[in-house]
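Engineer:
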Amino acid sequence: MAIEISEIHEVTDGLTEAFNRLLPQLSPSRALLNQEALLQIATSPGCTLFIASETKAGDTQIVGTLSLIISPQLSGVRARIEDLVVDKAWRGRGVGEALLRKALNLATARQVNTIDLTCRPSRESANHLYRRMGFIRRDTNVYCYDLDNPRRTP
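Printed below as a string of structure tokens:
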């Protein structure tokens, strides 16, 4: 298995199809992306979109993705890892770790102080990977305000 990790700067129909195959494995309720939406993400300042791919006999298959968002804050340069997903047929083969290592290398080069990510407790394999790679679970509350469906309180 020769997995290549690369940054996305251009978006094709094939790439959009690959993302729309992967994203439901991460969040089944999210809407599929069109090419314009994916291009907006890939070219957004501070966002680096990585893909993991394997090429066999000239055919390239995208088997995973990860977004790294870097932003300067008053407390230092911070980063978040978002939307890490590996195709279920490729899980347990080092793809997630390779994506994370590439993101960590870029964050180090950009002098990031800390990297945050979130993961549901039910994703046991992913949580194990993060701990094994040196991520530490924080004792904090995470809040979300859904602008698409805000809950109004009196």
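Counting from 6, one number per residue, gives the positions in the sequence shown under my numbering. No residue lacks a Cβ here, since even glycine has one placed at the ideal position from N, Cα and C. Nothing here was measured: the structure is a model prediction, and the numbers come from that model.
1) Exposed or buried, what is residue 135 when buried is set at 16 or more other beta-carbons lying within 10 Å of its beta-carbon?
2) According to the neighbour-count rule (16 or more other Cβ atoms, all chains shown, within 10 Å of its Cβ), is residue 101 buried or exposed?
3) Using C-beta distances below 8 Å, list every residue in its chain close to residue 130, excluding the 5 sequence neighbours before and after it, in chain order.
4) For the region 73-85 and the region 19-33, state whether three or more C-beta atom pairs, one from each stretch, are separated by less than 8 Å.
5) Beta carbon of residue 62, beta carbon of residue 15: below 9 Å?
6) Quick check on the DSSP output: the beta strand (DSSP E) that includes residue 70 runs from which residue to which?
7) Where does residue 81 land, buried or exposed, given buried means 16+ other C-beta within 10 angstroms?
8) Could you give the distance in angstroms between the alpha-carbon of residue 56 and the alpha-carbon of residue 38?
9) Put residue 20 into one of helix, strand or coil per three-state DSSP.
10) Taking buried to mean at least 16 other C-beta atoms within 10 Å of its own C-beta, is residue 139 buried or exposed?
11) Are the beta-carbon atoms of residue 112 and residue 120 separated by less than 9 Å?
12) Over what stretch of residues does the beta strand (DSSP E) that includes residue 87 continue unbroken?
13) Would you kindly report the start and end of the unbroken beta strand (DSSP E) that includes residue 53?
14) Cα separation between residue 159 and residue 125?
Structural biologist: By the coordinates alone:
1) Sequence index remark: in the sequence shown, residue 135 carries index 130 (1-based). Buried is the call here.
2) In the sequence shown, the residue the question calls residue 101 occupies position 96. Its Cβ being crowded by 16 or more others within 10 Å, residue 101 is buried.
3) Here residue 130 corresponds to residue number 125 of the sequence shown, with the count starting at 1. Excluding positions up to five away in sequence, the list reads 96 and 97.
4) no
5) Along the sequence shown, read from residue 1 onward, the residue named residue 62 stands at position 57. Along the sequence shown, read from residue 1 onward, the residue named residue 15 stands at position 10. The answer is no: Cβ separation not under 9 Å.
6) Taking the sequence shown and counting its residues from 1, the one referred to as residue 70 is at position 65. Note, residue 70: beta strand (DSSP E), 64-78.
7) The residue given as residue 81 occupies position 76 in the sequence shown. Residue 81 comes out exposed.
8) Position 51 of the sequence shown, counted from the start, is the residue given in the question as residue 56. Position 33 of the sequence shown, counted from the start, is the residue given in the question as residue 38. For residue 56 and residue 38, the distance between alpha carbons rounds to 16 Å.
9) Start at 1 with the first residue of the sequence shown, and residue 20 comes out as number 15. DSSP places residue 20 in helix when its eight states are reduced to three.
10) The count along the sequence shown starts at 1 and reaches residue 139 at position 134. Exposed is the call here.
11) Here residue 112 refers to the residue found at position 107 of the sequence shown. Here residue 120 refers to the residue found at position 115 of the sequence shown. Yes, Cβ-Cβ distance for residue 112 and residue 120 is below 9 Å.
12) Here the question's residue 87 lines up with position 82 in the sequence shown. Per DSSP, residue 87 belongs to the beta strand (DSSP E) from 81-91.
13) Counting from one through the sequence shown, the residue named residue 53 turns up at place 48. Run containing residue 53: 52-61, per the beta strand (DSSP E) assignment.
14) Numbered from 1 along the sequence shown, position 154 holds the residue referred to as residue 159. Numbered from 1 along the sequence shown, position 120 holds the residue referred to as residue 125. Bear in mind that the predicted position of residue 159 carries a pLDDT of just 46, short of 50, making it too unreliable to give a figure here.
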